[in-house]
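Asker: Chains as they are written, first to last, in our numbering: chain A, 108 to 442; chain B, 108 to 442.
There are 2 protein chains.
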Amino acid sequence: MMLAEAGVRLGVIVDRLSPETGELFPGTSDLVMHLDTDTLLSRYDAITVERDTMPDNALVNSLMASPKAAIERTMAVLPDRLTQKQLLDELGIATSPWLPGTALAQAREQWGNVVIKARRGGYDGRGTHFLRTGDAQPDADENTIVEATINFRRELSLLAARSSHGDMAFYPLVENVHRDGILNVTRAPAQQLAPQHQARAENMARALLEKLDYHGIMAIELFDCSDELLVNEISPRVHNSGHWTQEGATISQFEMHLRALTGLPLKPPEAKGFAAMRNLLGVAYDTGWLHRPGYVHWYAKEVRPGRKMGHVNFIAPDADTLARQMAAWRDVTET
Amino acid sequence: MMLAEAGVRLGVIVDRLSPETGELFPGTSDLVMHLDTDTLLSRYDAITVERDTMPDNALVNSLMASPKAAIERTMAVLPDRLTQKQLLDELGIATSPWLPGTALAQAREQWGNVVIKARRGGYDGRGTHFLRTGDAQPDADENTIVEATINFRRELSLLAARSSHGDMAFYPLVENVHRDGILNVTRAPAQQLAPQHQARAENMARALLEKLDYHGIMAIELFDCSDELLVNEISPRVHNSGHWTQEGATISQFEMHLRALTGLPLKPPEAKGFAAMRNLLGVAYDTGWLHRPGYVHWYAKEVRPGRKMGHVNFIAPDADTLARQMAAWRDVTET
Chain A
108 MMLAEAGVRL GVIVDRLSPE TGELFPGTSD LVMHLDTDTL LSRYDAITVE
158 RDTMPDNALV NSLMASPKAA IERTMAVLPD RLTQKQLLDE LGIATSPWLP
208 GTALAQAREQ WGNVVIKARR GGYDGRGTHF LRTGDAQPDA DENTIVEATI
258 NFRRELSLLA ARSSHGDMAF YPLVENVHRD GILNVTRAPA QQLAPQHQAR
308 AENMARALLE KLDYHGIMAI ELFDCSDELL VNEISPRVHN SGHWTQEGAT
358 ISQFEMHLRA LTGLPLKPPE AKGFAAMRNL LGVAYDTGWL HRPGYVHWYA
408 KEVRPGRKMG HVNFIAPDAD TLARQMAAWR DVTET
Chain B
108 MMLAEAGVRL GVIVDRLSPE TGELFPGTSD LVMHLDTDTL LSRYDAITVE
158 RDTMPDNALV NSLMASPKAA IERTMAVLPD RLTQKQLLDE LGIATSPWLP
208 GTALAQAREQ WGNVVIKARR GGYDGRGTHF LRTGDAQPDA DENTIVEATI
258 NFRRELSLLA ARSSHGDMAF YPLVENVHRD GILNVTRAPA QQLAPQHQAR
308 AENMARALLE KLDYHGIMAI ELFDCSDELL VNEISPRVHN SGHWTQEGAT
358 ISQFEMHLRA LTGLPLKPPE AKGFAAMRNL LGVAYDTGWL HRPGYVHWYA
408 KEVRPGRKMG HVNFIAPDAD TLARQMAAWR DVTET
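(1) Does the count of Cβ pairs from the region 238-255 of chain B and the region 269-281 of chain B closer than 8 Å reach three?
(2) Using three-state DSSP, classify SER342 (chain B) as helix, strand or coil.
(3) So is ARG116 (chain A) in contact with chain B if we call contact Cβ pairs under 7 Å?
(4) Taking any Cβ of chain B, which residues in the region 303-325 of chain A have a Cβ under 8 Å from it, in chain order?
(5) Keeping to the same chain, check which residues put their C-beta closer than 8 Å to that of THR160 (chain B); ignore five residues upstream and five downstream.
(6) Beta-carbon within less than 6 Å of ALA391 (chain A)'s beta-carbon, same chain only, minus the 5 sequence neighbours each way: which residues are those?
(7) Inspect the beta-carbon positions of HIS350 (chain B) and ALA326 (chain B) and report whether they are closer than 7 Å.
(8) Within the same chain, show all residues whose beta-carbon is closer than 8 Å to that of GLU354 (chain A), passing over the 5 residues directly before and after it, in chain order.
(9) State yes or no: is the C-beta of VAL119 (chain A) within less than 7 Å of the C-beta of ALA111 (chain A)?
(10) Report yes or no: do the region 139-147 of chain B and the region 326-345 of chain B share at least 3 C-beta pairs separated by less than 8 Å?
(11) Using a Cβ cut-off of 7 Å (strictly closer), state whether TRP205 (chain B) contacts chain A.
(12) By the DSSP assignment, the alpha helix (DSSP H) with HIS364 (chain B) in it spans what residues?
(13) Just to confirm, are GLU216 (chain B) and PRO162 (chain B) a CB contact at a threshold of 7 Å?
(14) Over the uninterrupted alpha helix (DSSP H) stretch that includes ALA314 (chain A), give me the two end residues.
(15) Identify the continuous beta strand (DSSP E) that holds LEU290 (chain B) and give its terminal residues.
(16) Taking just the CA atoms, how far does ILE223 (chain A) sit from ASN164 (chain A)?
(17) Run through DSSP, which three-state label would MET325 (chain B) get?
(18) Going by beta carbon distance, what residues of the same chain come within less than 7 Å of PRO296 (chain B), once the five residues before and after it are set aside?
(19) Roughly how many whole angstroms lie between the Cα atoms of LEU368 (chain A) and ALA176 (chain A)?
(20) Do you know whose CA, among B:GLY395, B:PRO174, B:ARG260, lies nearest TRP436 (chain B)'s CA?
(21) Is the separation between the beta-carbon of ASN291 (chain A) and that of ASN386 (chain A) shorter than 7 Å?
(22) Within this structure, are the beta carbons of HIS141 (chain B) and ARG116 (chain A) separated by less than 7 Å?
(23) Would GLU112 (chain B) pass as an interface residue toward chain A - the criterion being a Cβ-Cβ separation below 7 Å?
(24) Hey, is GLY389 (chain B)'s beta-carbon within less than 7 Å of any beta-carbon in chain A?
(25) At a Cβ threshold of 7 Å, is LEU429 (chain A) touching chain B?
(26) Given that GLY395 (chain A) touches chain B, what residues does it touch there, using C-beta distances under 9 Å?
(27) Determine the DSSP secondary structure at LEU137 (chain A), reduced to helix, strand or coil.
(28) Helix, strand or coil: how does DSSP classify THR155 (chain A) here?
(29) Starting from SER264 (chain A), trace the beta strand (DSSP E) both ways and give me its first and last residue.
(30) Which residues in chain B sit within 7 Å of ILE120 (chain A), going by Cβ to Cβ distance?
(31) Using three-state DSSP, classify LYS374 (chain B) as helix, strand or coil.
(32) Determine, for MET108 (chain B), whether the minimum Cβ-Cβ distance to residues of chain A falls below 7 Å.
(33) I'd like the span of the alpha helix (DSSP H) that includes LYS224 (chain A), first residue to last.
(34) Less than 6 Å between C-beta atoms, sequence neighbours within five positions excluded: which residues of the same chain meet that for LEU124 (chain B)?
(35) What in chain B is Cβ-close to TYR406 (chain A), meaning under 7 Å?
(36) Among A:ALA201, A:ILE178, A:PRO174, A:PRO207, whose alpha-carbon lies nearest the alpha-carbon of THR190 (chain A)?
Written out as C-alpha cells, the structure reads:
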C-alpha cells in the first residue's frame, strides 16, 4: 500500500499481487482483479517483493524468472540464513560468529550461550531460540544455524538503495528498539554514533548491493558493539525501520525503492530533523489519535495481538520536542 | 489520484469514477472496473466531486441523490456564477459588483470596463471576456454575468474545511500568480498580509460552509485590494492553490478533505515553513528534475499545450532559500 502511495508523485502505478491466490489489488484499492500471467508480465515494467519468503508455485516461478524481477539472484541467497551468512563471510563483512545447525554441539562448546535461528521464515523474533550453558541439548537440525550471542549496545539499521543504473543512496543509521522481539520504536538519525560507523555501514551495503546486482531498497540490521559493527540480518525490501522516512526525510524509502526499480535518479536523501517512528502493535483504531502530535499511518487490518496495525511518525527540530511528542502516546499500549 | 494517495495513511480507500463513462479506476491504478450503480452506492461511505461541473446523466443523478453525496446543496448553487453571486450577496460577503448578463448595457454605463463571465463551465480563464469602454457591444446573454473590473493588488486564496460533525479548519491565506489565466505559482503563507485579512477570510468561509452544510475542503479565491478583501470565486473541492500543503503543511488538503468527508477529526493544519508550488504547464517529463531541489508531483498525463502536467512543491526555512530553490527551475518553460 505504501509503495502504491509513493508511486503517485512519480507517475508510477503500483498494483499489488498476492503470490498465494493470484489476486491483484489495483493501486491502493481493496477491489480485486485477476489477470493471467502473460498479461501481468507484459503490463508491468518491474516486479518487486515486499516480504522475506515466497511460496513455490507456478505464478511465482513465472514472475521471478522474468528479467523484470531483478531480485532473483538476491532471493536465491538472502532468505536462507545459511547462504546469507556465507555471502557475508565471502565479502569479509563483519557478522556474529555462526555455524550450521548440524554443528550445534561444537558451537555450544566454543561460545557457551548460543542462539538457534531457523534458516528460513523467521520474522519478528519467530524461529529464534536462545540456549544457555546448562540448558538441555536439542537435536542438531540442518534447517537452522547457530550463532554466538553478542553483547551489543543497541541495534542499528541502514537503508541503502541501488538503482538499475548502478547509482546508490544511503539513509543515516537509525536506532531500533524492540519489544518481545518486534520492532517498537525507531529513532532517526541514531544519536551518539561512533564517527566511523556511518561510512563503515555504507561500505558494507555497497559491497552487498553490487555483489547481488540488486535494484531497490535493502535494509541491513546491525549490532552496535561500540567499536565494532556486526551485520545481524539483511532484508531485500522496504523495511519497518525505514517508515520514519515518510515525513522524516526528503525522499521516503518507498519512493526511493520505486526510483531504484524504475531507473529514476536516486538523489541523496536528507533527514528533516529529529525523527522517530513508533509501531502501533495489537491496538484498535482510535480516531482521537488524529488530534495528537505525530503523523498516524493506519493499515486498516483486522486487529490481532502483537500485530503491526499502523505506525506514528514524529518529526521535531530538537530531541526534547521529539520526546514530548512521543510522551503524548505513552498511554497507547496493547490491551 | 492525490485523494487516493492521501487516503492510505487514514486507512480510507478512495476509488475514482468517470461520471461520463462510468469507468471505475480502483485506488491509484489505471486498471478499469465496472460496478453497477447499486453496488457503488452500497460499497462507499462517501461520494465527493473533484471538478466544477458534472454531466447530467442517470449515473450522476443516482449518485448525487444519495445522502452519501453531501455536496448536493452546494452543487445546486456554486457551479452557476449567478446563484453563487446571489449567495454571497445574501450572506453579506464582499465580492466584485455584478449584474446578470442581460443587464450588460446598464453594467457598462455604471462601471465602464467590465468582464463578462460564462455562468457555467468557465475554468482556467476560459469563458471570461474583458470589455473596455469603446469596445463594440455584444448581445446581452442570459448565460453570463457581468462584473466590474477590480483594481486588486494580488489574488489570494483560502482553503477551508468543514467536517460532517460541523468542525472547521482553515489554512493560512496564500498568494496565487497566474500566467495566461492559468495558475502558475502559489506562495504560502502569503507575505505582507494586512493583519485583519486572515480572520476576515475565515469568517467569510465559515458563513459559506455553514450555509451550504458543506463537508470537505472548499477553496475561496479572493482579490486583495489592500484594505478590502473581495471574493472572486468559490470551488467546492480540493484546489490547485492547495497543492503546496502536500509537503508544506502538517495535514495536506487531500487528507483534510477525506477527514472532513468521513467524520474524522480535522486538527488545525500548520505551515512547515516558507512554501511555494509551481505548476508544470505543457511540458514533457524530464527525469533529471528529480535531482533538483523541490518535490516533483507528476500526473503522467498526455502532454498538451498549457495543460497542468504536474507540479513542484518547495519548502524552505526562509524566503531567500525558497527563492534559490525556485530559481533552479527557471529554465523549465513550455516549449
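The beta-carbon is built from N, C-alpha and C at its ideal position, and this holds for glycine as well.
Answerer: Walking through what the data contain:
(1) no
(2) For the purposes of this step, residue 342 (chain B) is identified with residue 235 of the second sequence, where counting begins at 1. It is a strand residue.
(3) By 1-based counting over the first sequence, the position of residue 116 (chain A) is 9. Yes - at least one Cβ of chain B is within 7 Å of the one on ARG116 (chain A).
(4) none
(5) In the second sequence, residue 160 (chain B) corresponds to position 53, counting from 1. So the list reads PRO186, ARG227, GLY228, once near-sequence residues are dropped.
(6) The sequence position of residue 391 (chain A) within the first sequence is 284, counting from 1. Hits under 6 Å: VAL410.
(7) For the purposes of this step, residue 350 (chain B) is taken as residue 243 along the second sequence, with counting starting at 1. For the purposes of this step, residue 326 (chain B) is taken as residue 219 along the second sequence, with counting starting at 1. For HIS350 (chain B) and ALA326 (chain B), no; Cβs fall outside 7 Å.
(8) As a working mapping, residue 354 (chain A) is identified with position 247 in the first sequence. The residues are LYS379, ALA382, TYR402, ASN420, ILE422.
(9) Indexing the first sequence from 1 puts residue 119 (chain A) at position 12. Indexing the first sequence from 1 puts residue 111 (chain A) at position 4. No, Cβ-Cβ distance for VAL119 (chain A) and ALA111 (chain A) is not below 7 Å.
(10) no
(11) Start at 1 with the first residue of the second sequence, and residue 205 (chain B) comes out as number 98. Cβ-Cβ to chain A under 7 Å: no for TRP205 (chain B).
(12) Numbered from its first residue, the second sequence carries residue 364 (chain B) at position 257. It spans 360-369 - the alpha helix (DSSP H) in which HIS364 (chain B) sits, taken as one unbroken run.
(13) Here residue 216 (chain B) is taken as the residue at index 109 of the second sequence, counted from 1. Here residue 162 (chain B) is taken as the residue at index 55 of the second sequence, counted from 1. Not closer than 7 Å, so no.
(14) Translated into the one-based positions of the first sequence, residue 314 (chain A) becomes position 207. Residues 304-318.
(15) Along the second sequence, read from residue 1 onward, the residue named residue 290 (chain B) stands at position 183. Element bounds for LEU290 (chain B): 289-295.
(16) Stepping through the first sequence from its first residue, residue 164 (chain A) is reached at position 57. Stepping through the first sequence from its first residue, residue 223 (chain A) is reached at position 116. Each residue's alpha carbon lies about 29 Å from the other.
(17) For the purposes of this step, residue 325 (chain B) is taken as the residue at position 218 of the second sequence. Three-state DSSP puts MET325 (chain B) in a strand.
(18) Stepping through the second sequence from its first residue, residue 296 (chain B) is reached at position 189. Around PRO296 (chain B): PRO279, LEU280, VAL281, ALA378.
(19) Residue numbering aside, residue 368 (chain A) sits at position 261 when the first sequence is read from its first letter. Residue numbering aside, residue 176 (chain A) sits at position 69 when the first sequence is read from its first letter. The straight-line gap from Cα to Cα measures roughly 9 Å.
(20) One-based indexing of the second sequence puts residue 436 (chain B) at position 329. Comparing Cα-Cα distances from TRP436 (chain B) to each of B:GLY395, B:PRO174, B:ARG260, the minimum goes to B:GLY395.
(21) Reading the first sequence from its first residue, position 184 is the one you call residue 291 (chain A). Reading the first sequence from its first residue, position 279 is the one you call residue 386 (chain A). Taking 7 Å as the Cβ cut-off, ASN291 (chain A) and ASN386 (chain A) qualify as a contacting pair.
(22) Your numbering for residue 141 (chain B) matches position 34 in the second sequence. Your numbering for residue 116 (chain A) matches position 9 in the first sequence. Not closer than 7 Å, so no.
(23) In the second sequence, counting from the first residue as 1, residue 112 (chain B) sits at position 5. It does; some Cβ of chain A falls within 7 Å.
(24) Numbered from 1 along the second sequence, position 282 holds the residue referred to as residue 389 (chain B). GLY389 (chain B) does not count as touching chain A.
(25) Within the first sequence, the letter at position 322 stands for residue 429 (chain A). By this cut-off, LEU429 (chain A) is not an interface position.
(26) As a first step, residue 395 (chain A) must be located in the first sequence, where it is residue number 288. Those are PRO372, listed as they occur along chain B.
(27) Position 30 of the first sequence holds residue 137 (chain A). The question names Leu, but residue 137 (chain A) is Asp in the sequence shown. Coil at ASP137 (chain A), not helix or strand.
(28) What you label residue 155 (chain A) is simply residue 48 of the first sequence in a count that begins at 1. Of the three classes helix, strand and coil, the one that applies to THR155 (chain A) here is coil, per DSSP.
(29) Counting from one through the first sequence, the residue named residue 264 (chain A) turns up at place 157. Residues 261-269.
(30) Taking the first sequence and counting its residues from 1, the one referred to as residue 120 (chain A) is at position 13. Those are THR135, SER136, ASP137, listed as they occur along chain B.
(31) Looking up residue 374 (chain B) in the second sequence gives position 267. DSSP places LYS374 (chain B) in coil when its eight states are reduced to three.
(32) Position 1 of the second sequence holds residue 108 (chain B). It does; some Cβ of chain A falls within 7 Å.
(33) Here residue 224 (chain A) refers to the residue found at position 117 of the first sequence. Unbroken run through LYS224 (chain A) is the beta strand (DSSP E), 221-225; no alpha helix (DSSP H).
(34) As a first step, residue 124 (chain B) must be located in the second sequence, where it is residue number 17. LEU131, listed in sequence order.
(35) In the first sequence, the residue the question calls residue 406 (chain A) occupies position 299. Near TYR406 (chain A) (Cβ distances below 7 Å), the residues of chain B are GLY118.
(36) Counting from 1 along the first sequence, the entry for residue 190 (chain A) is found at position 83. Out of A:ALA201, A:ILE178, A:PRO174, A:PRO207, A:PRO207 has the C-alpha closest to the C-alpha of THR190 (chain A).
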